[in-house]
Amino acid sequence: MIVADNIQIHFRRGPLRGKVHALNGLSLEVRDGDFFALVGQNGAGKSTAMYCFLGLLKPNSGKVEVMGKTPELGSPLYESVAYLPEEPHYHLYLTVEEATRYYASLYGKRISSKTVNDVLERLGLAQFKSLPLSKCSKGMKQKVGIAQCLIHESRLLFLDEPTRGLDPLLVREFRETLREIHQRGATIVMNSHVLSEIEMLANRVAIIDGGKVVAQDELRNFLTLDKELYNVTFEPNGSMPDYVTLVEHLGTVVKGSIPKERLYDFMDYTRAHDLNVHECSLKKASLEDSFFKIVKGAMPA
Amino acid sequence: MTELIRANVLANFAYYRRSRLLIAFLLVFLLLTGLESLPALFSDSGVQAFNTLQGIFSTLNLYLLLFAGGLSLFLISSSLRSRSLKMVFTKPCPPSVWLASTFLSAVAVSLLLNCVVLASMVVMSLFWHVPIRAGLLFISADTFIASVGIIAYLMLLASVMHPAIAVTFALIFNAGMFYDFQFWTQSAIRAGNSSLGLRVLEKAFHYLYILLPMVHAFGKKTEGIYSSLRVLHGEWKYLVYAFGYVLALSAFCYLAALSALQRKRYI
Chain U
807 MIVADNIQIH
817 FRRGPLRGKV
827 HALNGLSLEV
837 RDGDFFALVG
847 QNGAGKSTAM
857 YCFLGLLKPN
867 SGKVEVMGKT
877 PELGSPLYES
887 VAYLPEEPHY
897 HLYLTVEEAT
907 RYYASLYGKR
917 ISSKTVNDVL
927 ERLGLAQFKS
937 LPLSKCSKGM
947 KQKVGIAQCL
957 IHESRLLFLD
967 EPTRGLDPLL
977 VREFRETLRE
987 IHQRGATIVM
997 NSHVLSEIEM
1007 LANRVAIIDG
1017 GKVVAQDELR
1027 NFLTLDKELY
1037 NVTFEPNGSM
1047 PDYVTLVEHL
1057 GTVVKGSIPK
1067 ERLYDFMDYT
1077 RAHDLNVHEC
1087 SLKKASLEDS
1097 FFKIVKGAMP
1107 A
Chain E
61 MTELIRANVL
71 ANFAYYRRSR
81 LLIAFLLVFL
91 LLTGLESLPA
101 LFSDSGVQAF
111 NTLQGIFSTL
121 NLYLLLFAGG
131 LSLFLISSSL
141 RSRSLKMVFT
151 KPCPPSVWLA
161 STFLSAVAVS
171 LLLNCVVLAS
181 MVVMSLFWHV
191 PIRAGLLFIS
201 ADTFIASVGI
211 IAYLMLLASV
221 MHPAIAVTFA
231 LIFNAGMFYD
241 FQFWTQSAIR
251 AGNSSLGLRV
261 LEKAFHYLYI
271 LLPMVHAFGK
281 KTEGIYSSLR
291 VLHGEWKYLV
301 YAFGYVLALS
311 AFCYLAALSA
321 LQRKRYI
């Protein structure tokens, strides 16, 4: 679906200033049907990479192909592409209804009022359809962006920090809509800092650091199991066995870890003391753990 | 293609309807014109009514030219500065279509305003019992053609520079200004100062005068129409010539602005 091969992008911030290397040999591949997440620190080059895939930036060197073609501004390639920008870069003077119709019409087909109204109804925007975008919350603007994906059933979606600034309810709603679009067969490329969200949605992840991909794999391979340790959460009764390494106290509950070979001792102990055990599972590295490990490993000492 | 142009033009019309700056300009222009027409309301003289009508028409046409510049300048610079073009160019709508739509939207609004001004002049002529002269139609058409040239020129400038710099540039770099400069240098040379520097300057001003856009390309030939509101049979052809000039100017400005838009980074 998307192939980026050794992309280099450098800007000159001003006539007397030096060059900024935004992308420094970035290579990655997004496959058809992927929910692909780009992860990295601020300034790592995630958004720049996305702008390259969208044709908004031309690489100084290297090659980008989206659906087998080089992305160009406004090319027919975009007939099956939708993009939700990071900042609210919408036409703020348009109302919700006008903007939905406008963005949908830019795919070259006339959109009936019924289609627009149905989508607005589905996204809970029907009552705000006469409200100018300048007066809408970020969540409402993002929904206007999503409306175009629903009207045209886009095959490829680019989402740049889509949940930044949204309230928890909207985030959940948004996540469900994305799952629905992905299940329909769309490929989704998303930038996000919210690693827990990526764990919930993505199936493949690329970690970008210093303008290049430092790791790219299936999400499940980032969430490796540490087969030597168990995570346990239980309610202790006074003293604790010495093989439990305490992680944190959560009221009356304790989170800790135990070596694999002491699992049966721990079970005997909890049975003997009649303790409530909330959780006992093999220790799993989160995406956050993998991210820190990889990024710190990539950093010069 | 047609649907894309239609969608962009409708969005641009919404911008014009809601742009407070443009509406404020329009109101100020109307207020100034209203004040200018006040004395005529208290006069019975036909000559004074004609002079007032001519004055109002001339003022309104000047405002129409200024307003036409604002139509393309504000739309293009606000689209570039708000970065909303990201949402357009990541759809199958290339910069060529968006720019053409923007130009057509500004031209359509300018045409509408020219028609409104012409209709108002006809109504005022009837009200003050001043004969309706063909010059009204000629001047309206000429103003509209000049407006198209201004829209095209400011479309180009707004695509490559900050709007404030674009306005300053347009005020300095226009054919009228360099025609005057050329006239002064020629006068100085005729008066006996034939230094090399002055002759080089005269040539430079001449070429800039030729190259830079003119508001009224055949203004010298049609001066009489503006003062008498009468059109001789052979004078209508200047409208066709002016239209041809503006078409060529618009095509050049469109291609140059398009080239600038295609090189920009929309991030």
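Residue numbers (this note's numbering), protein chains in the order written: chain U, 807 to 1107; chain E, 61 to 327. Ideal placement from N, C-alpha and C gives every residue a C-beta, glycine not left out.
message = For the structure I just gave you, are there three or more beta carbon pairs, one from the segment 886-901 of chain U and one from the segment 832-846 of chain U, closer than 8 Å?
response = When C-beta atoms of the segment 886-901 of chain U are compared with those of the segment 832-846 of chain U, fewer than three pairs fall below 8 Å, so the two segments do not count as touching.
inquiry  = Counting only Cβ pairs nearer than 8 Å, list the residues of chain U close to leucine 64 of chain E.
reply    = Simply Ser911, Leu912 and Gly914.
query = Are there 16 or more other CB atoms within 10 angstroms of the CB of asparagine 253 of chain E, so buried, or fewer, so exposed?
reply = Its Cβ having fewer than 16 others within 10 Å, asparagine 253 of chain E is exposed.
key: Beta-bridge pairing of cysteine 1086 of chain U - partner residues as DSSP gives them   = According to DSSP, which records beta bridges pairwise, cysteine 1086 of chain U is partnered with U:Val1038.
message = Taking beta-carbon pairs under 9 Å, can you tell me which members of the segment 145-160 of chain E lie near chain U?
response = Under the 9 Å Cβ criterion, the segment 145-160 of chain E contributes Leu145, Lys146, Met147, Val148, Phe149, Thr150, Lys151, Pro152, Cys153, Pro154, Pro155, Ser156, Val157 and Trp158.
ask   = Taking only runs of the alpha helix (DSSP H) that begin and end inside the segment 987-1054 of chain U, which ones reach a length of at least 4 residues, in chain order?
value = Within the segment 987-1054 of chain U, the runs of alpha helix (DSSP H) at least 4 residues long that lie entirely inside it are, in chain order, 1001-1007 and 1025-1028.
key: Span of the alpha helix (DSSP H) around glutamate 835 of chain U   = For glutamate 835 of chain U, no alpha helix (DSSP H) encloses it; the enclosing beta strand (DSSP E) starts and ends at 825-836.
key: Assigned exposure category for serine 853 of chain U - 16 Cβ within 10 Å defines buried   = Looking at its Cβ environment, which holds 16 or more other Cβ atoms inside 10 Å, serine 853 of chain U is buried.
query = When you check each C-beta in the segment 69-99 of chain E against every C-beta of chain U, which residues fall closer than 8 Å?
reply = Residues of the segment 69-99 of chain E with a C-beta atom less than 8 Å from some C-beta of chain U are Leu70, Ala71, Ala74, Tyr75, Arg78 and Ser79, listed in chain order.
request  = For tyrosine 884 of chain U, decide whether its Cβ has a neighbour in chain E, counting only Cβ atoms nearer than 8 Å.
outcome  = Closer than 8 Å to some Cβ of chain E, the Cβ of tyrosine 884 of chain U qualifies, so yes.
ask   = What is the DSSP secondary structure of arginine 1077 of chain U, counted as helix, strand or coil?
value = In this structure, DSSP gives arginine 1077 of chain U a helical state, which the three-state scheme calls helix.
Minimum length 4: unbroken alpha helix (DSSP H) runs contained in the segment 918-978 of chain U = The qualifying runs are 919-928 and 944-958.
Every unbroken alpha helix (DSSP H) within the segment 148-231 of chain E, with a cutoff of 4 residues, ordered by chain = Listed in chain order, the complete alpha helix (DSSP H) runs (minimum 4 residues) inside the segment 148-231 of chain E are 155-187 and 194-220.
message = Need the endpoints of the beta strand (DSSP E) that glutamine 814 of chain U sits in, please.
response = 808-818 is the extent of the beta strand (DSSP E) around glutamine 814 of chain U.
ask   = CB serine 165 of chain E to CB asparagine 72 of chain E, shorter than 8 Å?
value = Result yes, Cβ atoms of serine 165 of chain E and asparagine 72 of chain E sit closer than 8 Å.
query = If you follow the beta strand (DSSP E) that lysine 1061 of chain U is part of, which residue opens it and which one closes it?
reply = Element bounds for lysine 1061 of chain U: 1059-1065.
message = Residues of chain U with CB closer than 8 Å to the CB of glutamine 322 of chain E, please, in chain order.
response = What glutamine 322 of chain E touches in chain U: Leu879.
request  = Would you list the residues sitting across from tyrosine 889 of chain U in a DSSP beta bridge?
outcome  = Per DSSP, the beta-bridge partners of tyrosine 889 of chain U are U:Phe964.
query = Any C-beta of chain U sitting closer than 8 Å to the C-beta of serine 165 of chain E?
reply = No, because no Cβ of chain U sits closer than 8 Å to the Cβ of serine 165 of chain E.
task = Let me know if alanine 1107 of chain U comes out buried or exposed under the rule of 16 or more other beta-carbons within 10 Å of its beta-carbon.
result = Residue placement at alanine 1107 of chain U is poorly supported in this model, since its pLDDT is 40, which falls under 50; the coordinates still yield a value, given next. Exposed.
ask   = Going by the beta-carbon positions, is the gap between leucine 832 of chain U and glycine 861 of chain U smaller than 8 Å?
value = Cβ distance not < 8 Å, so leucine 832 of chain U and glycine 861 of chain U don't count as in contact.
inquiry  = According to DSSP, is cysteine 858 of chain U part of a helix, a strand, or is it coil?
reply    = Reduced to three states, the DSSP call for cysteine 858 of chain U is helix.
request  = Pull up the CB-CB distance for asparagine 174 of chain E and phenylalanine 198 of chain E, whole angstroms please, since I reckon it's below 8 Å.
outcome  = For asparagine 174 of chain E against phenylalanine 198 of chain E, the beta-carbon gap comes to about 12 Å, at or over 8 Å, which does not count as contact.
inquiry  = So that I know if they touch, is there some Cβ in chain U lying closer than 8 Å to that of tyrosine 326 of chain E?
reply    = Output row for tyrosine 326 of chain E: interface = yes.
query = For arginine 66 of chain E, is the classification buried or exposed, using 16 other Cβ atoms within 10 angstroms of its Cβ as the cut-off for buried?
reply = Using a 10 angstroms sphere on the CB of arginine 66 of chain E, the tally of other CB atoms stays under 16, which defines it as exposed.
query = Closest Cβ-Cβ distance between leucine 863 of chain U and chain E: below 8 Å?
reply = So yes, leucine 863 of chain U belongs to the interface.
request  = Classify phenylalanine 278 of chain E as helix, strand or coil using the three-state DSSP reduction.
outcome  = Three-state result, phenylalanine 278 of chain E: coil.
query = With 16 as the cutoff for other CB atoms within 10 Å, does asparagine 1027 of chain U come out buried or exposed?
reply = Note on asparagine 1027 of chain U: under 16 other CB atoms within 10 angstroms of its CB, so exposed under the neighbour-count rule.
request  = Have a look at the DSSP bridge pairing and note the partners of leucine 1056 of chain U.
outcome  = U:Val1059.
task = Mind the definition here: the segment 226-246 of chain E touches the segment 139-152 of chain E only if three or more C-beta pairs lie below 8 Å; say whether that holds.
result = The segment 226-246 of chain E is not in contact with the segment 139-152 of chain E.
ask   = What do you reckon, are the CB atoms on valine 167 of chain E and isoleucine 211 of chain E nearer than 8 Å?
value = Yes, these two residues count as a Cβ contact at 8 Å.
request  = Step through the CB atoms of chain E and report whether any lies within less than 8 Å of the CB of isoleucine 813 of chain U.
outcome  = Chain E, which has no Cβ nearer than 8 Å to the Cβ of isoleucine 813 of chain U, makes this no.
key: Same chain, Cβ closer than 8 Å to leucine 1025 of chain U, five either side skipped, listed in chain order   = Its chain contains Ala843, Ile1004, Glu1005, Ala1008, Asn1009, Arg1010, Val1011 and Leu1093 as the residues whose beta carbon lies nearer than 8 Å to that of leucine 1025 of chain U, once the 5 sequence neighbours on both sides are disregarded; these appear in chain order.
ask   = According to the neighbour-count rule (16 or more other Cβ atoms, all chains shown, within 10 Å of its Cβ), is phenylalanine 1098 of chain U buried or exposed?
value = So phenylalanine 1098 of chain U counts as exposed.
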